[in-house]
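Chains as they are written, first to last, in numbering that gives the first Met the number 0: chain A, 0 to 411; chain B, 0 to 239. Some notes on the structure that comes next.
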Amino acid sequence: MRHRFDFDTLREIGDSLFRNKRRTLLTGFGIFWGLFMLLFLIGGGQGLKQMLSKNFEGFATNTMVMVSANTSMPYKGMKEGRYWSLTQRDVERLKALVPEFDVVAPIVSNWGQTAYYKGNTASPSIKGIAGDYHKVEAPIIKYGRMISDADVEQERKVCVVGKRIYNDLFPQGGDPCGEYIQVGSVFLQVIGVDYSTGNISINGSSADALLVPFSVVAKLYQRGDKVDLICVTGKPGVKMSQMEDKIRSIMSREHIFDPTDEQALLLLNTEQIFSIVDNLFRGVNFLIWLVGIGTLLAGAVGVSNIMMVTVRERTVEIGIRRAIGAVPRDILSQIIWESVTLTLAAGSAGIVFSVLILNVVEAIAKHQAVFQISFWTAILAALLLSVLGVLAGLAPALRAMKVKPVDAMRDE
Amino acid sequence: MLIELKGVHKTYDNGQPLHVLKGIDLEIEKGEFVSIMGASGSGKSTLLNILGILDNYDEGEYHLAGKLIKNLSERESATYRNQMIGFVFQSFNLIGFKTAVENVELPLFYQGVNRHRRHEAAMAYLEKMGLTGWASHYPNEMSGGQKQRVAIARALITHPEIILADEPTGALDSKTSVEVMELLTRLNREDGVTIIVVTHESGVANCADKIVHIKDGLIERIEDNRQHHSSMFGTDTIMK
């Protein structure tokens with residue numbers, strides 16, 4: 000029959016909270032600010048992470064890039080400091096010897112060329128690639144198509160232009176496929192436009208790249224069968240960091256250098272880069288939670304503190320209630336409800352405010368990343384608030400329960 | 000027998016033991032109008048607290064409407080208070096942020112009576128007190144007499160076995176005191192409500208049919224006052 004939660008319970012709570020509006024407001028502000036900070040930081044961290052991750056966009060996460068360099072150790076009678084080069088035969092060798100690899104794609108690059116088209120100029124980095132390069136760095140094909148195996152085999156003089164090069168050479172826009180652009184002394188036919196903008200790309204950003212079949216680049220710039228780098232991606236489940244030893248032993252046998260010579264063969268593992276970023280954001284997240292939860296806890300302690308004062312002030316009122324029939328549980332639940340109501344109301348305002356601000360931030364960031372917290376984060380925050388409210392109300396409620404009905408008469 | 004006290008002892012122990020009640024035997028019938036008189040420190044407030052189940056006692060027995068009131072839990076004593084006792088205090092003890100009618104409703108709120116019936120009952124009692132027009136006023140907008148009448152309405156609303164009034168006129172002027180005492184007398188005569196008034200004013204005590212004189216923790220004498228000649232100031236005034 001008792002302890003129903005009805006309109007009257009709400010009114011009781013409302014009455015006591017509104018009795019001292021300014022104090023309630025200031026107390027609530029602690030919670031409001033705590034929750035705002037927490038959610039704003041979570042949203043902000045998430046947005047920043049996404050913006051940073053954009054740099055890796057389109058890049059296979061399980062990629063390793065190998066580059067040859069001068070040896071740093073003498074080996075089998077050869078002096079240190081000897082230069083060697085990766086070759087197209089290495090590509091075939093890796094494909095044959097390492098079944099864990101999905102793609103083995105060589106790149107032959109050339110810089111410092113100028114591209115012309117009808118009086119417009121651009122400075123692309125020329126990237127000679129194989130037909131399966133798109134599996135390493137996914138292009139966003141705006142027009143046309145990507146370089147294919149057939150282009151490589153038949154040494155077709157074709158190219159795919161990056162976004163910035165496209166904008167420089169074709170400022171009027173439109174589909175440039177079929178047009179010829181002049182690069183140095185040769186003309187290349189445009190077969191596609193790549194709109195990807197990821198900043199982690201091999202040998203320069205993909206927006207500045209002019210993708211050409213590597214067989215064409217090798218011929219044009221007299222590279223023989225030498226390649227600048229070889230990109231490999233692992234099959235699903237393969238850890239590239241565990242493949243390093245195998246690669247080193249194959250390459251060192253072939254090119255005769257010490258397999259322990261880490262300088263001779265540079266292995267760049269994107270897994271490591273990603274894990275660095277991941278670790279960075281794990282740290283940032285930890286800080287976010289530390290600061291956010293800390294601020295929120297400070298707010299809750301404030302609520303508890305003020306409720307404590309309120310209970311002391313209300314000794315007579317509580318005594319009266321006890322004298323006319325309120326059981327201790329009535330008093331306990333009233334104080335806890337007051338605390339929960341205050342926390343929830345202030346916290347909800349905090350949620351709403353942080354959602355608004357995050358929306359503004361997202362608009363300022365031109366919607367490049369999602370700063371907004373998810374619906375479930377908000378629900379979780381509300382749940383957290385309720386728990387905090389109960390905890391904050393606990394100590395004052397226990398004190399209120401100790402008020403004896405005779406206190407109503409003594410405390411005059 | 001509505002109230003039966005047998006050899007009730009009470010000792011406060013605040014550093015130094017203070018033996019306040021030294022064996023109280025008292026019987027009060029249903030429908031009686033009793034006043035308990037005594038100087039301050041005589042133990043009359045302690046006796047009232049025990050009668051009102053606001054405080055425990057150490058020895059003896061207290062039966063209220065046939066129930067032994069001893070070593071009750073907080074919950075039980077709250078329930079008994081709510082159902083059997085109506086309190087009227089010297090300082091009214093209304094809740095300041097509630098209107099008159101909300102104050103009167105409060106005991107029924109703790110009984111779990113629904114809103115509508117509660118409000119109706121409270122309005123009926125306010126009407127009885129002649130305060131219908133003041134129902135939605137807050138205590139600080141009312142005079143002392145009005146506040147005490149609201150408090151009496153609040154005490155009556157649960158149909159208690161007894162009304163315990165602790166210095167009900169202590170904070171009122173003499174004219175209002177007379178009004179309040181007449182109201183209590185009328186409730187006793189017309190509705191048969193058992194009323195126990197604790198006071199140190201002989202004029203107030205004189206309204207009752209039986210005066211219990213307390214001195215030094217013992218009942219000095221019980222005076223039959225059905226003629227209402229106890230007060231030397233006569234029956235019509237309350238000396239302030």
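Glycine included, each C-beta is placed from N, C-alpha and C at the ideal position.
Item: Three-state secondary structure (DSSP) at D223 of chain B?; Value: strand
Item: So, is E152 of chain A buried or exposed, given that buried needs 16 or more other C-beta atoms within 10 angstroms?; Value: exposed
Item: DSSP state of Q188 of chain A, grouped into three classes?; Value: strand
Item: Three-state secondary structure (DSSP) at A399 of chain A?; Value: helix
Item: Compare the C-beta of I161 of chain B against all C-beta atoms of chain A and say whether one is closer than 9 Å.; Value: no
Item: Alpha carbon to alpha carbon, how far is W32 of chain A from L71 of chain B? Give it in angstroms, no decimals.; Value: 46 Å
Item: Could you round the C-beta distance between E154 of chain A and S214 of chain A to whole angstroms and report it? I think they count as a contact, below 8 Å.; Value: 5 Å
Item: Quick one: which chain A residues come within Cβ less than 8 Å of P106 of chain B?; Value: I323 and G324
Item: Measuring alpha carbon to alpha carbon, tell me which of A:T196, A:T342, A:L37 and A:G127 ends up nearest I139 of chain A.; Value: A:T196
Item: Run through DSSP, which three-state label would D410 of chain A get?; Value: Unreliable placement is indicated for D410 of chain A, whose pLDDT of 47 sits below 50; the coordinate value is still reported in the next sentence. Correct three-state label for D410 of chain A: coil.
Item: For the alpha helix (DSSP H) that M122 of chain B lies in, which residues bound it at each end?; Value: R114 to K127
Item: Considering only DSSP beta bridges, list what G85 of chain B is partnered with.; Value: B:I162
Item: Quick one: does V308 of chain A have its CB under 9 Å from some CB of chain B?; Value: no
Item: Please list, in chain order, the residues of the stretch 28-61 of chain B that have any C-beta partner in chain A closer than 7 Å.; Value: N48, L53 and D54
Item: Starting from the Cα of V354 of chain A, find the closest Cα among A:W288, A:F39, A:F28 and A:R398 and give me that residue.; Value: A:F39
Item: Counting only C-beta atoms, is G29 of chain A closer than 9 Å to chain B at any point?; Value: no
Item: Which partner residues does H199 of chain B have in the DSSP bridge list?; Value: In the DSSP output, where bridge partners are listed per residue, H199 of chain B has none listed.
Item: Which one or two residues does DSSP pair with D193 of chain A in a beta bridge?; Value: A:I140 and A:G161
Item: Can you tell me which residues form a DSSP beta bridge with T168 of chain B?; Value: For T168 of chain B, which the question treats as bridged, DSSP gives no partner whatsoever.
Item: Name the two residues that bound the continuous beta strand (DSSP E) containing F32 of chain B.; Value: F32 to M36
Item: Mind reading off the beta-carbon distance from R222 of chain A to V107 of chain A? Whole number of angstroms is fine, and I expect it under 8 Å.; Value: 6 Å
Item: Below 7 Å CB to CB, which residues in the same chain sit around N109 of chain A once its five sequence neighbours on both sides are set aside?; Value: I125, V216 and Y220
Item: For chain B, check one thing: does any of its Cβ atoms lie closer than 9 Å to the Cβ of E312 of chain A?; Value: no
Item: Taking its Cβ as the centre, do 16 or more other Cβ atoms sit within 10 Å of P175 of chain A, making it buried, or is it exposed?; Value: buried
Item: Quick check: R377 of chain A and G29 of chain A, are their CB atoms within less than 9 Å of each other?; Value: Correcting the residue identity first, residue 377 of chain A is Ala in this sequence and not Arg. The answer is no: Cβ separation not under 9 Å.
Item: At a CB distance below 8 Å, what residues from the stretch 67-80 of chain B approach chain A? Give them in sequence order.; Value: E73, R74, A77, T78 and R80
Item: Under the assumption that K209 of chain B contacts I194 of chain B (Cβ atoms under 8 Å), give the Cβ distance between them as a whole number of angstroms.; Value: Rounded, the Cβ-Cβ distance is 11 Å, inconsistent with contact.
Item: For the beta strand (DSSP E) that H8 of chain B lies in, which residues bound it at each end?; Value: I2 to N13
Item: In the structure shown, what three-state DSSP assignment does I323 of chain A receive?; Value: coil
Item: Using 8 Å for Cβ pairs, my map puts Y11 of chain B next to I52 of chain B. What's the rounded Cβ distance?; Value: Not quite, the Cβ-Cβ distance comes to about 17 Å (not below 8 Å), so this is no contact.
Item: Can you find the residues in the same chain that come closer than 7 Å, C-beta to C-beta, to T8 of chain A, ignoring five residues on each side of it along the sequence?; Value: W336
Item: Just the Cα atoms here: how many angstroms apart are A380 of chain A and V386 of chain A?; Value: 10 Å
Item: Identify whether N54 of chain A lies in helix, strand or coil by the three-state DSSP scheme.; Value: coil
Item: Might you give, ordered along the chain, the residues of its own chain that have their beta carbon closer than 6 Å to the beta carbon of V310 of chain A, omitting 5 neighbours on each side?; Value: P395, R398 and A399
Item: Would the beta-carbon of G6 of chain B fall within 9 Å of that of E58 of chain B?; Value: yes
Item: Determine the direct distance from the alpha carbon of T168 of chain B to that of V203 of chain B, and round the result to whole angstroms.; Value: 8 Å
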